[in-house]
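*Asks:* Just add 241 to wherever you are in the sequence shown, counting from 1, and you've got my numbering. Just so it is clear, CB atoms sit at the ideal spot from N, CA and C, and this is done for glycine as well. On a predicted model such as this, the values are computed, not experimentally measured, just so you know.
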Amino acid sequence: MPKWTRQNLRWATALLLSPLLLEVSSEHQNAKAGLFQPLIQLLQPRIERLLVSECRHLAEQTLDGVAAEIAPKSLLKTAVEQPCRTLARPVSECLVRETSRSGRELGVLTEIVRGRVGDDALVVIRRCLASLTGLPQSSLNQRPVQALMERFRR
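#1: Taking R297 and C325 to be in contact with their CB atoms under 8 Å, please state how far apart those CB atoms are, rounded to whole angstroms.
#2: Once DSSP output is grouped into helix, strand and coil, what is the label at P286?
#3: Closest to A362 by CA distance: which of A300, E295 and L336 is it?
#4: Quick one: residues in its chain with C-beta nearer than 8 Å to the C-beta of I311, no 5 flanking neighbours on either side, listed in chain order?
#5: Since I281 and L376 are thought to touch, with beta carbons under 8 Å apart, how far apart are those beta carbons, to the nearest angstrom?
#6: Tell whether a beta-carbon distance below 9 Å holds between R342 and R367.
#7: Could you check what DSSP says for P260 in three-state terms: helix, strand or coil?
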């Protein structure tokens, strides 16, 4: 079986979405919320892997410079792996759940196919941040998600 590249995944997703996109008009998008949930759920393992990878990367950045003084790099990588996996599961589930609840499935899928984070994905990310942290969503609307991510990385 051939290895799937990012471009192949985009084409496959676009082909899967084409018939559905023709049926869903922008007028009826809210009425059909949940229509794309099975497709989004198929992406959950990939989202989870990406979250684990980003978590590892953030941990490496954070520990860069002091890691050698604490423990060998391989030991730190092993120590970070399980917490990253533990965190990635509920976050990926939240992203899938909030994508469906927000009625922005079509927009999020379109953004995934294009390989970017746009307005629809930002709404979903804010909803998950509010849900997982217990913060009011209104407090997250005042700051761009990028600024929140940069603040989190410090």
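*Replies:* If we stick to the structure as given:
#1: Between R297 and C325 a beta carbon distance of about 6 Å is seen, short of the 8 Å cut, so the two are scored as contacting.
#2: Three-state result, P286: helix.
#3: Between A362 and the set A300, E295 and L336, the nearest pair of CA atoms involves L336.
#4: Within the same chain, I311 has close Cβ partners L304 and L317.
#5: That pair is no contact at about 24 Å.
#6: No.
#7: Since pLDDT at P260 reaches only 48, below the 50 mark, its modelled position is unreliable, and the value read off the structure follows with that caveat. The three-state secondary structure of P260, taken from DSSP, is helix.
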